[in-house]
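So in numbering that gives the first Met the number 0, spot 287 of the sequence shown is number 286, and the numbers just go up one at a time.
Heads up, the beta-carbon is just placed ideally off N, CA and C, and yes, glycines get one too.
One structure below.
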Amino acid sequence: MRAIVIDEPGGPEVLVWREVPDPRPERDEVLIDVTASAVNRADTLQRQGFYNPPAGASPYPGLECSGVIAEVGSDVEGFKPGDQVCALLTGGGYAEKVAVPWQQVMRVPDGVDLTEAAGLPEVACTVWSNVFMIARLRKGETLLVHGGSSGIGTMSIQLAKAFGSHVVVTAGSAEKIARCLELGADEAINYREEHFAEKVKADVILDIMGAKYLPGNVKALKTGGRLVVIGLQGGAKGELDLGALLTKRASVHGTTLRARPTDEKGAVVRGVVDNVWPLVDAGVIRPVVHARVPMSDAAEAHRIMETGDHIGKILLVS
Numbered sequence: 000m001r002a003i004v005i006d007e008p009g010g011p012e013v014l015v016w017r018e019v020p021d022p023r024p025e026r027d028e029v030l031i032d033v034t035a036s037a038v039n040r041a042d043t044l045q046r047q048g049f050y051n052p053p054a055g056a057s058p059y060p061g062l063e064c065s066g067v068i069a070e071v072g073s074d075v076e077g078f079k080p081g082d083q084v085c086a087l088l089t090g091g092g093y094a095e096k097v098a099v100p101w102q103q104v105m106r107v108p109d110g111v112d113l114t115e116a117a118g119l120p121e122v123a124c125t126v127w128s129n130v131f132m133i134a135r136l137r138k139g140e141t142l143l144v145h146g147g148s149s150g151i152g153t154m155s156i157q158l159a160k161a162f163g164s165h166v167v168v169t170a171g172s173a174e175k176i177a178r179c180l181e182l183g184a185d186e187a188i189n190y191r192e193e194h195f196a197e198k199v200k201a202d203v204i205l206d207i208m209g210a211k212y213l214p215g216n217v218k219a220l221k222t223g224g225r226l227v228v229i230g231l232q233g234g235a236k237g238e239l240d241l242g243a244l245l246t247k248r249a250s251v252h253g254t255t256l257r258a259r260p261t262d263e264k265g266a267v268v269r270g271v272v273d274n275v276w277p278l279v280d281a282g283v284i285r286p287v288v289h290a291r292v293p294m295s296d297a298a299e300a301h302r303i304m305e306t307g308d309h310i311g312k313i314l315l316v317s
């Protein structure tokens, strides 16, 4: 098969489409003929040498994919060759084939084409696991999402609104703010012009920035609020006002998804299938796709992401 290979860290130009050995599925894995994958911020960090795959994972980038099952291991349950699926991966999505534990595989929801489905697993699993499983967002509560026009942000808006929450987002341009409001956000704050902590009080905050936003996030939390940090685009080390945290009886959670064991990922995937997929089937939630780029030109897809101008997901099509 062919896959995107990273021989050394660097810019987008180090992503090379090359022939590599085919993966072989283990007893509990399915082999997927990949139709599409999608670009995530973690992929750009891996390319730069800052986010290496966990031990035993595929060395090729790509944390999600869609495609058709070509082969199943002897211990696989509920899937067979020919099934159209999408999957949450630990790596290897930028390739023509990928092997993945069956617990991380999902049927393609009704009304979504096989290519578009590649943009669902990572965002759906990230939002469900963090906003609902960890932070326990409830109907009527306020969710603040930083980076509302991102893949994570566009899924967060739609899913939180579907469950009856008030959604506030931050974004960096009038175009992005308009798109977030179209998707259902109740309020949108241009972070280039206003400080979010002066504008909103939230029960749950989903944060991709880390250190840079930590003081403002704590200030913006309501009593009993929950801050979930899933990214470090604004730095890894910040000062935490424990007095404010104690006074508000608030909590801070830091999480990642990629390195979790298969059983934990499987629990997240089951939650998505049970709670998110019916909303996708009904057309309440839709993947937001900014661009479709040939997988062999993954370098261009990374360039698009790193401009910061995209809204939603960038797909890589085999």
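Taking a contact as a CB-CB distance under 8 Å, the pair GLY118 and ALA37 counts as one, their CB atoms being some 5 Å apart.
Between GLY72 and GLY91, the CB-CB gap reaches or exceeds 9 Å.
The segment 227 to 240 makes contact with the segment 205 to 218: 3 or more CB pairs, one atom from each, lie closer than 8 Å. If you check the CB distance, ILE156 and GLY163 do not come in under 9 Å.
The Cβ atoms of ALA35 and MET294 sit closer than 9 Å to each other. The three-state secondary structure of HIS309, taken from DSSP, is coil. In the three-state scheme derived from DSSP, where H, G and I count as helix and E and B as strand, HIS301 is classed as helix. Out of VAL84, GLY110, SER65 and ASN189, the CA that lies nearest to the CA of ALA94 is found in SER65. Within the same chain, Cβ atoms closer than 7 Å to the Cβ of ILE303 are found at ALA290, HIS309 and ILE313, the five residues on either side in sequence being excluded. The Cβ neighbour count for PHE131, taken over all protein chains shown within 10 Å, is at least 16; the residue is labelled buried. According to the DSSP assignment, ILE176 belongs to no beta strand (DSSP E) but to the alpha helix (DSSP H) extending over 173 to 182. Rounded to the nearest angstrom, the Cβ distance from GLY223 to ALA243 is 13 Å, too far for a contact under 8 Å. Around the Cβ of ASP280, a 10 Å sphere holds fewer than 16 other Cβ atoms; the residue is exposed.
Taking a contact to require three or more Cβ pairs closer than 8 Å, the segment 6 to 17 and the segment 42 to 55 qualify as touching.
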